[in-house]
Amino acid sequence: MESVILVIHLLIAIGLVGVILIQRSEGGGLGIGGGTMGGMMSTRGTANLLTRTTGILAACFFATSIVLAILAGGHSRPASIIDSLPAAPAQSTAPAVPAQPAAPAQPAPPVAQ
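Numbering (this note's numbering), first residue to last: 5 to 117.
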């Protein structure tokens, strides 16, 4: 389920980038998108269509982002250490003896010069 939504999310992101790049810039800084589009639609109709498409794709992008965040957060369930311990500890035949600390090393005598 999560991978299907992720693929849809990526396709929406690619489509959103494409639609934004197709739009005519207001300042004309890029130098693309000017002139007539070939007579299929007027410039105003194309701008309205691209603006509406951008809004719909942006809304879908936000929706899939929220769904992916919810799905990713649903897997983390707090666990207790007590739940992961074995039911009964293994019994050994010999009692456990604590390790004795090592004796400290004796200081070396000073060397004459």
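Even for Gly, the Cβ is constructed at its ideal location relative to N, Cα and C. Everything numeric in this text was worked out from a predicted model, so none of it was measured.
- request: Buried or exposed for T55, please, with buried defined as at least 16 other CB atoms from any protein chain shown within 10 angstroms of its CB.
  value: exposed
message: So for R56, helix, strand or coil by DSSP?
response: helix
task: Drop a sphere of 10 angstroms on the beta-carbon of M41, count the other beta-carbons inside from all chains shown, and report buried for 16 or more, exposed for fewer.
output: Confidence is the limiting factor: at M41 the pLDDT is only 49, short of 50, which leaves the residue's position unreliable and the question unanswerable from this model.
Pick from S29, T68 and S88 that is closest to L15, judged by C-alpha positions: T68
Candidates Q110, C64 and T58, of which the one nearest G22 by Cα: T58
query: Measuring CA to CA, which of I85, L53 and A109 is closest to G28?
result: In the sequence as displayed, the identity of residue 28 is Arg instead of Gly. Of I85, L53 and A109, the residue nearest in Cα terms is L53.
query: Quick one: what's got a C-beta closer than 7 angstroms to L10's C-beta in the same chain, skipping five residues either side?
result: L72
message: Just verifying my parser: in three-state terms, what is the DSSP assignment at G77?
response: helix
C-alpha gap between V8 and L61, whole angstroms: 17 angstroms
message: Going by DSSP in three states, V101 sits in which element: helix, strand or coil?
response: coil
- request: Compare the Cα-Cα distances from A2 to each of L20, Q104, I86 and P105 and report the closest residue.
  value: Coverage of the chain is limited to positions 5 through 117, which leaves residue 2 absent and any answer about it impossible.
Close Cβ partners of H13 (< 8 angstroms) along its chain, the five nearest in sequence each way excluded: F65, T68, S69 and L72
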